[in-house]
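Under full-length UniProt numbering, the first residue of the sequence shown carries the number 1, and numbering increases by one thereafter. Ideal placement from N, C-alpha and C gives every residue a C-beta, glycine not left out. A short write-up of the structure that comes next.
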Amino acid sequence: MDNEDVCHMDVPIYGDGRVRICGEGELCMQWSYVGKLYNDNLHLKLLSQSINMATIHLSSATSSLFQFDLSPSKHRTKRIPKITMVTNHAQPTQINSSNGSPSLGNANSSVEVQVSDDGVAHAGANSEARKKTKIVCTIGPSTSSHDMIWNLAEAGMNVARLNMSHGDHASHLQTIELVREYNAQFQDKVVAIMLDTKGPEVRSGDVPQPISLKEGQEFCFTTRRGVSTESTVSVNYDDFVNDVEVGDVLLVDGGMMSLAVKSKTKDLVKCKVIDGGELKSRRHLNVRGKSATLPSITDKDWEDIKFGMDNQVDFYAVSFVKDARVVNELKEYLKSYNADIHVIVKIESADSIPNLHSILSASDGAMVARGDLGAELPIEEVPLLQEDIIRRCQSMQKPVIVATNMLESMINHPTPTRAEVSDIAIAVRQGADAIMLSGETAHGKFPLKAVKVMHTVALRNESNVQSGVVCPSLSSHNSHMGEMFAFHATTMSNTLNTPIIVFTRTGSMAILLSHYRPYSTIFAFTNETRIKQRLALYHGVVPIYMQFSNDAEETFARALKLLLSKGHLHEGQHVTLVQSGAQPIWREESTHHIQVREVHE
Numbered sequence: 001m002d003n004e005d006v007c008h009m010d011v012p013i014y015g016d017g018r019v020r021i022c023g024e025g026e027l028c029m030q031w032s033y034v035g036k037l038y039n040d041n042l043h044l045k046l047l048s049q050s051i052n053m054a055t056i057h058l059s060s061a062t063s064s065l066f067q068f069d070l071s072p073s074k075h076r077t078k079r080i081p082k083i084t085m086v087t088n089h090a091q092p093t094q095i096n097s098s099n100g101s102p103s104l105g106n107a108n109s110s111v112e113v114q115v116s117d118d119g120v121a122h123a124g125a126n127s128e129a130r131k132k133t134k135i136v137c138t139i140g141p142s143t144s145s146h147d148m149i150w151n152l153a154e155a156g157m158n159v160a161r162l163n164m165s166h167g168d169h170a171s172h173l174q175t176i177e178l179v180r181e182y183n184a185q186f187q188d189k190v191v192a193i194m195l196d197t198k199g200p201e202v203r204s205g206d207v208p209q210p211i212s213l214k215e216g217q218e219f220c221f222t223t224r225r226g227v228s229t230e231s232t233v234s235v236n237y238d239d240f241v242n243d244v245e246v247g248d249v250l251l252v253d254g255g256m257m258s259l260a261v262k263s264k265t266k267d268l269v270k271c272k273v274i275d276g277g278e279l280k281s282r283r284h285l286n287v288r289g290k291s292a293t294l295p296s297i298t299d300k301d302w303e304d305i306k307f308g309m310d311n312q313v314d315f316y317a318v319s320f321v322k323d324a325r326v327v328n329e330l331k332e333y334l335k336s337y338n339a340d341i342h343v344i345v346k347i348e349s350a351d352s353i354p355n356l357h358s359i360l361s362a363s364d365g366a367m368v369a370r371g372d373l374g375a376e377l378p379i380e381e382v383p384l385l386q387e388d389i390i391r392r393c394q395s396m397q398k399p400v401i402v403a404t405n406m407l408e409s410m411i412n413h414p415t416p417t418r419a420e421v422s423d424i425a426i427a428v429r430q431g432a433d434a435i436m437l438s439g440e441t442a443h444g445k446f447p448l449k450a451v452k453v454m455h456t457v458a459l460r461n462e463s464n465v466q467s468g469v470v471c472p473s474l475s476s477h478n479s480h481m482g483e484m485f486a487f488h489a490t491t492m493s494n495t496l497n498t499p500i501i502v503f504t505r506t507g508s509m510a511i512l513l514s515h516y517r518p519y520s521t522i523f524a525f526t527n528e529t530r531i532k533q534r535l536a537l538y539h540g541v542v543p544i545y546m547q548f549s550n551d552a553e554e555t556f557a558r559a560l561k562l563l564l565s566k567g568h569l570h571e572g573q574h575v576t577l578v579q580s581g582a583q584p585i586w587r588e589e590s591t592h593h594i595q596v597r598e599v600h601e
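Spelled out as structure tokens, the structure:
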């Protein structure tokens, strides 16, 4: 008995639930090991028993990780039980998995778990609420100053987006430098930089002042450059006449206005206004159900991509990707220059939908660009596609951004519509890694308020999301050591309600943990600046730059000290420490390692 692992537990008793007392000194429960459920009788010493609580003495000579199932059950009563685990040894709780078989080690901590009505365990010392869904802000005239970049970052911006459809390289370089200046001030704060290519956009030409289009009037588009009259405006695409047919519906500015094509000549397309409005300079044009026959990456895009490489942006958002070939071409180009920049594909054209799986597989992540997607496809299809793309990205362990019109009304008004608030909430609850602001922060009147609204709505809805639910497609791949390890680390963190501290050189384990959606924050320590910046996009990850010592204990101690000093942790709180991967930090061989520790000054 002395050689066995021992702990005491208070276990809730349910009349016919998952955990119940079967007889004197014996507890029957359902437990899980490597993601599979087994029924077993564990021989325990019953110390005391009341109507709804039993205190037991657990002794386990087996080398298995026992995980109590606290999930909701149809047999479960409405009573909210409390489970207290008290362990009695001097070493931290430890699970070593160098050979793929977890083992239960000794522990010296006391953790209290409160199980709420929804079956979620809320334990230990509650850490300060922290937003997990990331916010991408488009930087433009309203937000390009030093003070605004700082204020946006402090309000919740995680990624600064450079929209190459507007501005020049000089203005975007200024933004990059300001973001870098902000990042240099903090170990535990970071804003990543995303360069969004213009893509093969068809746009109307410049107009000296907005043109009023009224229902039923005739209006023309011409491929001749520089034309701007009350009845005709130029377009920037030479094959525009060839791409449209009589009967097509032209959508202007993402569907804000629409016109029916009535006839065409060599260089002119004559239309009848269906839905009117004000036509301003350089408005986007779509043909409903069609994509322009332009290359996905234009000559201008290649110039912008080179600019991004020269200035080491973190992500490219590639517009109007139609197939995986485009992604592979860009990745080969980046590889030839040894450029470590991830490629986010923007799903916004009708042509991309049949190739969705191959496009996502080739990419490093996706953006659901709902504006153009809703212009090229029936608008009622967009919510279904959004959910589908989020689900696919989750199953592939790739970040996904939901974009366009999220707080559109706040371009001109200080408060959002209720529908916009619901839109943000839906994206958060569907599991998006990030949500994006475009015109709201680029040229809106209330950019800072928009970020604060998005932050508040995301945080409130995250608190009510059943996190930690593992996608079936992830569970089925638990034979992979890294995924199995991330699953168990997440389970331990969820059970004890501890933040996760992961040490990583490549970011891979932090990304895996992010996609398992633990309840608590993932503090990802890395000694690579590029990895710190990249992890800024991932759900629930707080990237922190720190040089690693050759001594693991010294590194652990410095990490905990930093988190204490920054207010991320507090004295007496428990944390789950994770170090793993094919490129281990402190070991010769590939090893996976978890510890649960109590934080002390």
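- At a cut-off of 3 residues, the continuous stretches assigned as beta strand (DSSP E) that sit fully inside the segment 493 to 544 are 500 to 503, 522 to 526.
- Of all alpha-carbon atoms in GLY540, PRO399, ILE379, SER228, the one lying nearest the alpha-carbon of SER281 is that of SER228.
- Ranked by Cα distance from GLY371, the options GLY365, GLU380, ASN158 are led by GLU380.
- In the DSSP assignment, PHE219 falls within the beta strand (DSSP E) that extends over 218 to 222.
- For SER258, the three-state secondary structure derived from DSSP is strand.
- For ARG203, the three-state secondary structure derived from DSSP is strand.
- Each residue's CA atom was taken as its position, placing LYS306 and ASN328 some 16 angstroms apart.
- For LEU569, the three-state secondary structure derived from DSSP is coil.
- In the DSSP assignment, ARG597 falls within the beta strand (DSSP E) that extends over 593 to 598.
- The residues VAL421, ILE424, ALA425, in chain order, have a CB closer than 7 angstroms to that of VAL457 in the same chain once the five nearest residues on each side in sequence are set aside.
- Within 10 angstroms of the beta-carbon of SER363 lie 16 or more other beta-carbons, which makes it buried.
- Contact check for ALA434 and LYS134: beta-carbon distance about 4 angstroms, within the 8 angstroms limit, so the pair qualifies.
- DSSP places LEU577 inside the beta strand (DSSP E), whose first and last residues are 574 to 579.
- In the DSSP assignment, the residues bridged to ALA192 are VAL159.
- Taking a contact to require three or more Cβ pairs closer than 8 angstroms, the segment 309 to 323 and the segment 335 to 353 qualify as touching.
- For HIS166, the CB contacts under 8 angstroms within the same chain, skipping 5 residues up- and downstream, are GLY140, ALA442 in chain order.
- Spatial neighbours of ALA427 in its own chain (CB-CB distance under 6 angstroms, excluding positions within 5 residues in sequence) are listed in chain order as VAL402, ILE435.
- Annotation: the continuous beta strand (DSSP E) that includes GLU278 extends over 277 to 279.
- ALA450 is the residue among PRO378, ARG418, ALA450 whose C-alpha sits nearest the C-alpha of MET410.
- Classified as buried, VAL202 has 16 or more neighbouring CB atoms from the shown chains inside 10 Å of its CB.
- With contacts defined by Cβ atoms closer than 7 angstroms, LEU251 and ALA153 do not form a contacting pair.
- When C-alpha distances from ALA432 are compared across TYR516, HIS357, LEU178, the shortest belongs to TYR516.
- Here TYR182 carries a helix assignment [DSSP, helix/strand/coil].
- Residue pairing by DSSP places GLY365 opposite ILE344 in a beta bridge.
- DSSP lists ALA434 as the beta-bridge partner residues of LYS134.
- The beta carbon of GLY254 is closer than 6 angstroms to those of GLY371, ALA375 in its chain, skipping five residues each way along the sequence.
- By DSSP's assignment, VAL235 forms a beta bridge with SER204.
- Boundaries of the beta strand (DSSP E) harbouring SER212: 211 to 213, taken from the DSSP string.
- For LEU384, the enclosing alpha helix (DSSP H) starts and ends at 382 to 396.
- Going by DSSP, TYR333 is part of the alpha helix (DSSP H) stretching over 324 to 336.
- Looking at the DSSP output, HIS284 sits in a beta bridge with ARG203.
- According to the DSSP secondary-structure assignment, ALA317 is paired through a beta bridge with ASP196, ILE344.
- Separation of the CB atoms of ALA536 and VAL326 is rounded to 25 angstroms, and the pair is thereby denied contact status at 8 angstroms.
- For THR521, the number of other beta carbons within 10 angstroms of its own is at least 16, and it is reported as buried.
- Counting other Cβ atoms within 10 Å of its Cβ, LEU285 reaches 16 or more and is therefore classed as buried.
- Contact between the segment 219 to 237 and the segment 181 to 199 is absent, with fewer than three C-beta pairs closer than 8 angstroms.
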